[in-house]
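If you read the sequence shown in our numbering, its first letter stands for residue 1450, the second for the next number, and so on. Reading through the structure tokens given below for one structure.
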Amino acid sequence: MARVYSLKCYYCGSENCESPSEDNCDEEETYCVAVKIDPEKKDTDYVTAMGCATENIAKSTCRDVKQRGEGNCYDCQEDLCNEKLPELK
């Protein structure tokens, strides 16, 4: 039986992004994301986050963060490619 490949991403919430853990993504989660919200403009429950996401969630999260001018975000599709939080512009 063939093994289904699972993407691996760094994972953290706002508390532990200095030393994120590695997370094996679910089969439908084909993107890693990293988000950094400017605390001055914060309208969400998190300031920083990294983790696995579906294509739809990855794209819509980054689009919303950038459109609102609340911070910065990126997505990528290689193992552990979300190693660094994005810089605030």
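Glycine included, C-beta positions come from ideal geometry on N, C-alpha and C. Being a predicted model, the structure only gives us computed values, none of them experimental.
With a 10 Å radius around the Cβ and a threshold of 16 neighbouring Cβ atoms, residue 1488 comes out exposed.
Judged by DSSP secondary structure, residue 1470 falls within the beta strand (DSSP E) whose first and last residues are 1470-1473.
Distances from the CA of residue 1499 to each of 1483, 1513, 1514, 1490 were compared; the closest alpha carbon is that of 1483.
In the structure shown, residue 1497 adopts extended strand secondary structure according to DSSP, grouped into three states.
Residue 1511 carries a helical assignment under DSSP once its states are collapsed to helix, strand and coil.
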